[in-house]
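So for the sequence shown, the numbering used here puts the first residue at 60; every next one is plus one. For each residue, glycine too, the CB sits at the ideal point set by N, CA and C.
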Amino acid sequence: MSQFGLGDHVALKRDLTVYGLVQLTHTDSNAPFGIDAWTGHVDVPPEVLEEFFATGIPPEGYVYVEFVHDRIGCCLVNENDLVLVSRAFGLGDIVKQEGSSLTGTVINVSETYILEPVFPRNSSTRPPTCSETCPSTMPEHFQHPNPHILLYNIPAREIKRAQDVLSGDSIIYGNWLGRVEDVEYDTVVMLTDSSVVVIVGSFGLNMPAPVSSKPFITVPQLNCLWQPDVLGAIQGWPNTIPVEHPQRGDFVIVDREYLRVGKWLSGSYNPSTPLEGIVLDCRAHDVIVEWVSTNTQGSDPPDATRMPRQEITIYEDIRTFRDFPDVRLKKDVILYDTGRMPIKPVEQRAISGEAGSAHNQASCHDAHNSGDGYSGQELEVGMHVKFRDPSAAAMKYQGIGGISHGKLLRATEHASRSWDLNEYTIVFMQQSATVMWQDGSVTTADSISLTHFPNIDDEILPTNIVLRREGMQQRPIQQNGKVIGPAKVFDEMTFFEGPHDLLPTGAGVVQSVDPREKIARVRWFKAPKLELRGPEQTLAPGSRFGAIGDEVEDVSLIEIYPCFSRQRGDICVLAPPGPFKISQNELSKSSLSDPATVASMFSQTPDPGANASLRWRPSWASSKASTTREQGKRAGRFDWIGQILSLGLDGLITVRLGASQPCRDVLLDADSIIAVLASRHYWGDDDTTFSLMDLDSWGDSDFLYTAENRPISETIEYEGGERLDNDSGDENWVSDDDQVFEDAQEELHDQDGGLDLSEASERPGNAATSQRPLFELEKVPGSEPPAQFLVLDQQPPSDQFGLYTSAAAPGLKRILKEHQILATSLPEGEIYVRTYESRIDLLRCLIIGPRDTPYEHAPFLVDLCLPANFPEAPPSAHFHSWTRGLGRINPNLYEEGKVCLSLLGTWSAKRESEKWSNKATLLQVLVSLQGLVFVKRPFYNEAGFEKYEYSGAYTSESDSYSEQAFVMSRGFLKSALLRPPGGLEDILAWLYLPHDISNPSNSLLGTVIERGKLLMQRSEEARANHDDSLVDSAGAKDDETKVFLKPLSRGASVMLRRVIGELQTQFDLFLAESAKLTSDDDDEKIDDS
60 MSQFGLGDHV ALKRDLTVYG LVQLTHTDSN APFGIDAWTG HVDVPPEVLE
110 EFFATGIPPE GYVYVEFVHD RIGCCLVNEN DLVLVSRAFG LGDIVKQEGS
160 SLTGTVINVS ETYILEPVFP RNSSTRPPTC SETCPSTMPE HFQHPNPHIL
210 LYNIPAREIK RAQDVLSGDS IIYGNWLGRV EDVEYDTVVM LTDSSVVVIV
260 GSFGLNMPAP VSSKPFITVP QLNCLWQPDV LGAIQGWPNT IPVEHPQRGD
310 FVIVDREYLR VGKWLSGSYN PSTPLEGIVL DCRAHDVIVE WVSTNTQGSD
360 PPDATRMPRQ EITIYEDIRT FRDFPDVRLK KDVILYDTGR MPIKPVEQRA
410 ISGEAGSAHN QASCHDAHNS GDGYSGQELE VGMHVKFRDP SAAAMKYQGI
460 GGISHGKLLR ATEHASRSWD LNEYTIVFMQ QSATVMWQDG SVTTADSISL
510 THFPNIDDEI LPTNIVLRRE GMQQRPIQQN GKVIGPAKVF DEMTFFEGPH
560 DLLPTGAGVV QSVDPREKIA RVRWFKAPKL ELRGPEQTLA PGSRFGAIGD
610 EVEDVSLIEI YPCFSRQRGD ICVLAPPGPF KISQNELSKS SLSDPATVAS
660 MFSQTPDPGA NASLRWRPSW ASSKASTTRE QGKRAGRFDW IGQILSLGLD
710 GLITVRLGAS QPCRDVLLDA DSIIAVLASR HYWGDDDTTF SLMDLDSWGD
760 SDFLYTAENR PISETIEYEG GERLDNDSGD ENWVSDDDQV FEDAQEELHD
810 QDGGLDLSEA SERPGNAATS QRPLFELEKV PGSEPPAQFL VLDQQPPSDQ
860 FGLYTSAAAP GLKRILKEHQ ILATSLPEGE IYVRTYESRI DLLRCLIIGP
910 RDTPYEHAPF LVDLCLPANF PEAPPSAHFH SWTRGLGRIN PNLYEEGKVC
960 LSLLGTWSAK RESEKWSNKA TLLQVLVSLQ GLVFVKRPFY NEAGFEKYEY
1010 SGAYTSESDS YSEQAFVMSR GFLKSALLRP PGGLEDILAW LYLPHDISNP
1060 SNSLLGTVIE RGKLLMQRSE EARANHDDSL VDSAGAKDDE TKVFLKPLSR
1110 GASVMLRRVI GELQTQFDLF LAESAKLTSD DDDEKIDDS
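Here it is, written out as structure tokens:
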């Protein structure tokens, strides 16, 4: 397991003055390296470099470090050659601490810095150096050539980033909110003859590489060609490095072609003047923004033609300025400053005695004590900063111990020519993080003692808002939000297949979580009135959480449904109606400027000048939302936008209004936040839209592809509210005993004559027939074992993946060869395949979970679709997930149907033999799924975690994952038996039902029920005895080759008991009905005789 994470501040052990930030690790390599060359500060074997260049992923044991200055370069470094100097987290990050199995959420951070002043190269004043009287002020693992000039222990709230705009910043322009996607900068350079020139676009800038014995390494480009001219000789400098983003005070060398066409502020181009100088300024010239709209006229959608252009300038004089004071922001532009602090803390409300008295749990007071809360500015080592109040800083930092050591030094006017160069480079930072742990306890520790937790599936944590599954309903809608069917009982399978509204009856706030027992303590709202619109789960008109009650209940994690994944640190938009519950003491008694100025949000199609990939999600508008933009301007406040600072155990949310005057914190109801500007991208359909505006998405969002851009593994698609495959999927997968119902789209088709209404009395929900499906399997012909492979002379079932795509025409000879292989080589009793005479390009595959794994005895359905160019291209695969919205049952199998497997081309292969080729077969695909996906420890199938399986790392997470997969797979069995998928009825009947009702235990279903009961019983005994030894599916631990599971937690036992109980009830009814039929047959025989 890597000892370093992304963003870690590290230094070379043999030279602590060479330090930088980790940008890539073996397991965290999402961003490609974009450096043309680097300095070989340490020796790296050639084969390691070759692997890195080929994959872009540092080999195990190595990390990719970008050092704090371009002149130092970057390097691939062995972890043993580095020392961790500092580590930083942001609000909302999920962390762990060594020696604890708990995960936690960062709820506050405190940062201090060591700053180095920016001294121009041509400054006539040489900076002072240390003498014998100077104190020792350097922290561990940090060295600097001149400690005398540094400023020590600078609090984060006193400084701000020097660069005006960076990608990812939030920007307000009039009534529009957006996120900066890209920036083009102009660089002001003062040459050696004191002339000043603007280099438009910052092109053609270089800096000299340091003279060093270390080798320079040139990186191959994407075209696999080496570019030896990256390191060029300019104006007598033997080696220069291109500069992509210069900072003030940098010494740069300018390419002559860009200098000649530069904008001259003083002086003019002189061919004899050296092409070198000091950077005086670097400002945003053009900013590319993804805009989201806020309406100013109540419920009427905003005029799309008024949306600002995607590419804008934010300065009034950026094209005409002649000096530093001339550069002014446009009046309607506000760059949201996440580092602003309120003058006074938020007032505290009365705290119930319930909150946090036991188990060292955080109280509501702790959760909302935000006056000293720091939301973070994402500052990092190497970044330039300025003091927010330079005069106050000059008064405060007069040196240490009565001498000039550590005294604030200002840049000389001679060096800067009146341009403000009083900036400082962060050379060291120290952060302490306050963490709320799963058990509700709160601790503060040095961030170095914490590590990022790779949260594979979203965990339920304290302060999360959750919904009670019991009684929850869902309502099908079109993509535009139009309701197309009645509300029905919540069923996760259909919920994930298409857009739905959610209609919960119960909502609460998680107080604490017992991860071992899978139990959450939830404090329920008294009478919530909620309607969540669409997959984004935005609150509908009139929705209210209301008052929170005093009831705190222990519930299984499987019985609650997480929603509103708003995180601390998110930029948010506030709802218009109602006053803030609590505000600053300094606020006047007059009402705040109505947030309705910009709060109402509407779906729209952006105009051509805006980014077409962004749109507002539907939300609600107040009839009172009539405050105009002009009134909002006169009020001088931007109270409609803020940053989430804390989430309370009482359901209240503290938001910092960082754009208002003055900055202040307010305490709001959970329903007062109508949108969150999140960083995740959610992709749409044909127009490939995604939204940065997201109020708590319902889960993992992957690409939804069009027919023209079909992936290897597809998902079911919707267009205009209609499924492209014309299938609801509901009739095959939903269990009757869950009081499920026919799908809304199916109902609409029925109204058009597509349904035989004579069957209505036998549909789910009818008490007289609600237990029929399991018995129906017994009527399926099954006196002989079903064939492993069979070509059916029937039409494919309506839920067959690929059915509603154009029939492919792969080579018949190859198809017949595949059929022959499948008919003779499938593992007996483990994998079954069906195809159709009318569609030989479609296959339905049933895989029975291997023994002694979390998937033991459970049925798993995978459909394959052969492309027209098969076998040159691999088949597409779709996994029918019956996880009931609880998350993935396996890291390789997604709820929406995606299957990750290297043989399918949906997962990167390490060796050529693992990739698809025209020699690969469908049998190989199925056997790979069985052997590589349905494994004993599926947690380690997650990307980057394979190597940890036998290292002892992440064992508790793996055990927890296996437990959940085991319980969910029992649910798969229930789903398959009660609503058998088409084409597989005879297989399921033969495999699971008893062939002799006089011996019901001699059946796979009977075995699953009996072993499940034993597991629950023995797990309870093990918990009482504090025995966490691994057990098998019956709770036995005698055979080490069969064990794969820890004794079940309380939460898992609750869910398994429910599933086993339902299976037992169905089984008993089946046996009773079968016995009755047998008795009736015997009576008929007697009568006939």
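Handout entry: Whether residue 154 touches residue 510 by CB criterion (8 Å)
Key = yes
Practice task
Given a cut-off of 8 Å, decide if residue 732 and residue 867 are closer than it, judged by their beta-carbon atoms.
Solution key: No, these two residues do not count as a Cβ contact at 8 Å.
Practice task
Have a look at residue 598 and residue 138 and give me their C-alpha separation to the nearest angstrom.
Solution key: 48 Å
Exercise for the section: Have a look at residue 432 and residue 1092 and give me their C-alpha separation to the nearest angstrom. Expected result: Within the model, the alpha-carbon separation for residue 432 versus residue 1092 is close to 48 Å.
Exercise for the section: Determine, using beta-carbon pairs with one atom in the region 313-330 and one in the region 216-229, whether at least three such pairs fall under 8 Å. Expected result: With a cut-off of 8 Å, the region 216-229 and the region 313-330 do not count as touching, because too few Cβ pairs lie within range.
Practice task
Could you pull the start and end residues of the alpha helix (DSSP H) that residue 880 belongs to?
Solution key: Taken as a continuous stretch (DSSP letters only), the alpha helix (DSSP H) holding residue 880 covers 871-884.
Exercise for the section: From the DSSP output, in three-state form, read off residue 794 for me. Expected result: Below a pLDDT of 50, predicted positions are generally treated as unreliable, and residue 794, at 34, falls in that range; the measurement from the model is reported next regardless. Three-state DSSP puts residue 794 in coil, outside helix and strand.
Problem - Residues of its chain near residue 640, where Cβ-Cβ distance is below 8 Å and the 5 sequence neighbours each way are ignored - result: Unreliable placement is indicated for residue 640, whose pLDDT of 43 sits below 50; the coordinate value is still reported in the next sentence. Exclusion of the five residues before and after residue 640 leaves 408, 711, 725, 726, 727, 728 as the residues of its chain whose Cβ lies within less than 8 Å of its Cβ.
Practice task
Look up residue 986 in the DSSP assignment and say whether it is helix, strand or coil.
Solution key: helix
Problem - Neighbourhood of residue 79 by C-beta, 6 Å cutoff - its chain only, sequence neighbours within 5 removed - result: Within the same chain, Cβ atoms closer than 6 Å to the Cβ of residue 79 are found at 124, 125, 126, 127, the five residues on either side in sequence being excluded.
Practice task
Give me whichever residues DSSP pairs with residue 176 in a beta bridge.
Solution key: 483
Problem - Opposing strand residues paired with residue 1096 [DSSP bridges] - result: Looking at the DSSP assignment, residue 1096 forms no beta bridge with any residue, so it has no partner.
Handout entry: Spatial neighbours of residue 90 in its chain, beta-carbon cut-off 6 Å, leaving aside the 5 residues before and after
Key = Model confidence at residue 90 stands at a pLDDT of 49, short of 50, so the residue's coordinates are unreliable; what they give is reported in the following sentence. Close CB contacts of residue 90 within its chain, under the 6 Å cut and outside five residues either way in sequence, are absent.
Handout entry: Burial state of residue 627, where buried means 16 or more other Cβ atoms lie within 10 Å
Key = Under this definition residue 627 is a buried residue.
Problem - Classification of residue 992 by the beta-carbon crowding that lies within 10 angstroms, buried from 16 upward - result: Under this definition residue 992 is a buried residue.
Problem - Range of the contiguous alpha helix (DSSP H) that encloses residue 1079 - result: Where residue 1079 is concerned, the enclosing alpha helix (DSSP H) starts and stops at 1063-1083.
Handout entry: Whether residue 117 touches residue 135 by CB criterion (8 Å)
Key = In this structure, the beta-carbon distance from residue 117 to residue 135 falls below 8 Å.
Problem - Close Cβ partners of residue 323 (< 6 Å) along its chain, the five nearest in sequence each way excluded - result: 256
Exercise for the section: Report the option in 545, 960, 456, 613 whose CA atom is closest to the CA atom of residue 578. Expected result: Minimum Cα distance to residue 578 is reached at 613.
Exercise for the section: For residue 1019, name the three-state secondary structure that DSSP assigns. Expected result: helix
Handout entry: Residues bridged to residue 583 (per DSSP)
Key = Residue 583 is bridged to 567.
Handout entry: Close Cβ partners of residue 855 (< 6 Å) along its chain, the five nearest in sequence each way excluded
Key = 862, 895, 898, 901
Exercise for the section: Just the C-alpha distance for residue 147 and residue 513, rounded to the nearest angstrom, thanks. Expected result: When rounded, the distance between both Cα atoms is 16 Å.
Handout entry: Extent of the continuous beta strand (DSSP E) run through residue 154
Key = Unbroken beta strand (DSSP E) run through residue 154: 153-156.
Exercise for the section: Take every Cβ of the region 944-961, pair it with every Cβ of the region 1044-1063, and state whether three or more of those distances are shorter than 8 Å. Expected result: Touching, no, given that fewer than three Cβ pairs across the two stretches are closer than 8 Å.
Handout entry: Same chain only: Cβ atoms within 8 Å of residue 64, ignoring 5 sequence neighbours per side
Key = 81, 84, 87, 146, 510, 511
Handout entry: Delimiting residues of the alpha helix (DSSP H) encompassing residue 454
Key = Start and end: 449-455.
Practice task
Rank 330, 397, 110, 351 by C-alpha distance to the C-alpha of residue 703 and give the top, closest one.
Solution key: Residue 703 has its Cα closest to that of 397, out of 330, 397, 110, 351.
Exercise for the section: Use the C-beta contact count for residue 119: other C-beta atoms within 10 angstroms, 16 or more gives buried, fewer gives exposed. Expected result: exposed
Exercise for the section: Under 8 Å Cβ to Cβ from residue 885, same chain only, skipping five residues before and after it: list those, please. Expected result: Excluding residues within five positions, the ones whose Cβ falls inside 8 Å are 847, 848, 891, 892, 982, 985.
Practice task
Can you give me the Cβ contacts of residue 325 inside the same chain, cut-off strictly under 6 Å, excluding the 5 residues immediately before and after it?
Solution key: Hits under 6 Å: 254, 255.
Problem - residue 104 burial status per 10 Å Cβ neighbour count (16 or more: buried) - result: exposed
Handout entry: Three CB pairs or more closer than 8 Å across the region 191-198 and the region 368-375
Key = no
Practice task
Report the three-state DSSP secondary structure of residue 1000 (helix, strand or coil).
Solution key: Under the three-state reduction of DSSP output, residue 1000 falls in the helix class.
Exercise for the section: Can you say whether residue 1085 is buried or exposed, counting buried as having 16 or more other CB atoms within 10 angstroms of its CB? Expected result: exposed
Practice task
Look at the alpha carbon of residue 921 and the alpha carbon of residue 903, and state the distance between them as a whole number of angstroms.
Solution key: 6 Å
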